[in-house]
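Below is one structure; the comments refer to it alone.
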Amino acid sequence: MASHNSYWLKKPLVVTLGWFFLSIALGIFGLWYGTRTVIPGPTNKETLLQNPGERESFRIGLPPRDTFVVVLSHASLPYDSAEFVAARESLVQRLSELRTPDGESDLLRRVETVGHTFIGDHIFVGKSDRSILLRASTVHSIDGSGPEMRVVPPVVQEWSKENPNFQIGYISDGSVNNELFDTIDRDLDSSLKYTIPVTFVILLWAFGSVVAALVPLVIATVSLIA
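Residues 64 to 289 (my numbering) are what the sequence shown spells out, left to right.
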């Protein structure tokens with residue numbers, strides 16, 4: 064038993080390569096199995112085209128737009144108070160002034176106050192006299208709303224600092240996608256702090272040379288960064 068174990072300890076390169084190819088095989092199997100079991104849902108465009116108005120617009124050559132929804136609320140002030148009205152008007156003006164990242168066109172069109180309750184396209188907001196719902200649509204197609212929505216968070220954060228007593232929340236297809244990918248990037252960056260040193264130790268044990276261990280590690284790190 065001891066001699067059997069010592070054989071693998073004396074062959075670190077074989078062990079490392081074996082685990083490497085096993086990981087690739089498991090990854091391919093997981094991808095293949097996942098495509099057989101996961102039921103694909105509708106795309107963003109397909110969901111929007113469930114609306115008759117969007118279907119008619121798309122038929123005449125106008126692609127669906129991304130819907131941008133904002134909820135503005137206060138802990139104690141009603142929506143018709145002077146302070147609330149002033150805050151809402153300043154927010155509408157700030158959102159109406161948003162431009163696309165290239166600065167060539169407006170980001171949103173017709174920022175409007177919907178009311179307290181809005182039901183449609185999977186958006187449900189409870190009725191409250193201390194909150195108000197704003198809605199707008201993007202000027203351009205929903206397909207490019209992700210990169211364009213990058214200009215929204217800094218503006219909203221700046222407005223929130225100027226109006227600390229108000230709570231603001233917003234959602235759109237593009238902003239949700241941005242938050243999702245940003246979360247994945249942050250988690251990946253955090254995990255690299257642990258995986259890179261551990262990987263280096265394993266490669267050093269396998270190849271027995273610092274230089275030989277650094278070469279694949281550098282290649283893998285550069286690929287992840289790129």
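For each residue, glycine too, the CB sits at the ideal point set by N, CA and C.
Given a threshold of 16 other Cβ atoms within 10 Å of its Cβ, counted over all protein chains shown, does residue i qualify as buried or as exposed?
i	result
glycine 290	Within the shown structure, residues of the chain are numbered from 64 to 289, placing residue 290 beyond reach of any answer.
isoleucine 102	Bear in mind that the predicted position of isoleucine 102 carries a pLDDT of just 48, short of 50, making it unreliable; the figure below should be weighed with that in mind. Classification for isoleucine 102: exposed.
arginine 128	buried
glycine 104	With a pLDDT of only 47 at glycine 104, under 50, the local geometry of the prediction cannot be trusted, and no value is derived from it.
aspartate 184	With a pLDDT of 46 at aspartate 184, under the threshold of 50, the predicted position of this residue should be treated as unreliable, though the coordinate-derived value follows. Per the 10 Å Cβ criterion, exposed.
serine 253	exposed
isoleucine 182	Note that isoleucine 182 scores a pLDDT of 47, beneath 50, so its modelled location is shaky; the value from the coordinates is reported in the next line. Counting Cβ neighbours within 10 Å, isoleucine 182 comes out exposed, since fewer than 16 surround it.
phenylalanine 131	buried
alanine 276	buried
glutamate 211	buried
phenylalanine 187	Since pLDDT at phenylalanine 187 reaches only 49, below the 50 mark, its modelled position is unreliable, and no value is offered.
valine 133	buried
leucine 171	buried
tryptophan 82	exposed
aspartate 76	It is worth fixing the name first, because residue 76 is leucine in this sequence and not aspartate. Exposed, because fewer than 16 other Cβ atoms sit within 10 Å of the Cβ of leucine 76.
Please list the terminal residues of the continuous alpha helix (DSSP H) segment that includes residue i.
i	result
valine 155	145-159
serine 223	215-225
leucine 255	236-270
serine 208	208-211
Between the Cα of residue i and those of the options, spot the shortest distance and give me the residue it belongs to.
i	options	result
serine 194	Trp268, Pro217, Leu255, Phe147	Phe147
threonine 79	Ala269, Ile282, Leu196, Leu280	Ala269
glutamate 175	Leu196, Ser191, Leu161	Leu196
histidine 203	Gly232, Ala138, Asp169	Asp169
alanine 283	Ser272, Leu266, Trp222	Leu266
glutamate 221	Trp95, Ser144, Leu161	Leu161
serine 159	Ser191, Thr201, Thr262, Pro141	Thr201
phenylalanine 263	Leu280, Asp248, Asp250	Leu280
serine 191	Tyr142, Phe83, Phe92	Tyr142
phenylalanine 18	Gly209, Pro260, Thr258	This structure does not reach residue 18, given that the chain is present from 64 up to 289, and the question cannot be answered.
What are the start and end residues of the beta strand (DSSP E) that includes residue i?
i	result
serine 136	128-137
For residue i, which residues does DSSP report across the bridge?
i	result
arginine 172	Ser200
phenylalanine 229	His137
isoleucine 305	Because residue 305 is not part of the residues shown, which for the chain are 64 to 289, the question remains open.
Worksheet item: Below 8 Å, can you find three or more Cβ-Cβ pairs linking the stretch 223-242 to the stretch 162-175?
Response: No: fewer than three Cβ pairs fall under 8 Å.
Fill in: Segment contact, 8 Å Cβ cut-off, at least three pairs: the stretch 140-156 with the stretch 217-226
Contact between the stretch 140-156 and the stretch 217-226 is present, because at least three Cβ pairs lie under 8 Å.
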